[in-house]
Amino acid sequence: MFGKLKKLFIDKKHYETHDKYISVPESEMNENFKKDIVKLEKIAEAYSESLQHKYRSKFERDGKQNLKIWVYRDIDGDQLPNLSSEQCLEKEYRSQVAINFDGFTDEEDAYVHYIQLWYYFSGYFKGTGTLYDLSKKHLEADIEEKLEEILKQL
0 MFGKLKKLFI DKKHYETHDK YISVPESEMN ENFKKDIVKL EKIAEAYSES LQHKYRSKFE
60 RDGKQNLKIW VYRDIDGDQL PNLSSEQCLE KEYRSQVAIN FDGFTDEEDA YVHYIQLWYY
120 FSGYFKGTGT LYDLSKKHLE ADIEEKLEEI LKQL
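In numbering that gives the first Met the number 0, the protein residues as written are 0 to 153.
Following this line, the structure appears as structure tokens:
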């Protein structure tokens, strides 16, 4: 399942890398690339659901109720109804794994922490995207690390 996606991340001669992200020029964004982003977001959704179940009781023991981990999407800061990964090649699209608990809502920027998955920034003349690099990092481990950091801060 990850073969094609990992090949994209391993063959980086066209991409500039930064720690756990790949910078993707607009010229490389096409329907095949879109499929890779959709797969990444689906993987993130599966990890989010699994880790929410695993960590719920740990958060409740520390008095933090209603742990929620999900893939948050917006375009230019606006959380639009019915926004999905199918719109990932629209300029200013952003997706991230968001984490919240207790009195937080699902509204824009109302979460404790996030891990960016994909962001398509458009400038005046050309755009670029920043994509989470599965060949360098393990998304599930990164989410768990954030959860553990949050638990330590409580």
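For each residue, glycine too, the CB sits at the ideal point set by N, CA and C.
Take residue 37 as the anchor and find which of 70, 48 and 62 has the nearest alpha-carbon.
Residue 37 has its Cα closest to that of 70, out of 70, 48 and 62.
Which residues mark the beginning and the end of the beta strand (DSSP E) in which residue 94 is found?
92 to 99 is the span of the beta strand (DSSP E), which, as asked, contains residue 94.
Three-state secondary structure (DSSP) at residue 112?
Strand, per DSSP.
With 16 other CB atoms within 10 Å as the buried threshold, where does residue 76 fall?
Exposed, by the Cβ-count rule.
Helix, strand or coil: how does DSSP classify residue 83 here?
If DSSP states are grouped into helix, strand and coil, residue 83 belongs with coil.
For the region 119 to 128 against the region 40 to 52, do three or more pairs of beta-carbon atoms, one drawn from each stretch, fall closer than 8 Å, so that the two count as touching?
As far as the Cβ criterion goes, the region 119 to 128 does not touch the region 40 to 52, which means the pair count is below three.
Tell me the DSSP bridge mates of residue 77?
BP columns for residue 77 point to 74.
Check whether the Cβ atoms of residue 150 and residue 67 lie closer than 9 Å to each other.
No.
Can you check DSSP and say which residues form a bridge with residue 192?
As shown, the chain starts at 0 and ends at 153. That puts residue 192 outside it, with no answer to give.
Excluding sequence positions up to five away, which residues of its chain have a Cβ less than 6 Å from the Cβ of residue 115?
Counting only Cβ-Cβ distances below 6 Å, and skipping sequence neighbours, we find 95.
Just reading off the beta strand (DSSP E) that residue 131 is part of, what are its end residues?
Note, residue 131: beta strand (DSSP E), 126 to 131.
I'd like the list of long-range same chain contacts for residue 152, defined as Cβ closer than 6 Å, with 5 residues on each side in sequence excluded.
Correct list: empty, nothing qualifies.
At the level of alpha carbons, what is the spacing between residue 147 and residue 27?
When rounded, the distance between both Cα atoms is 36 Å.
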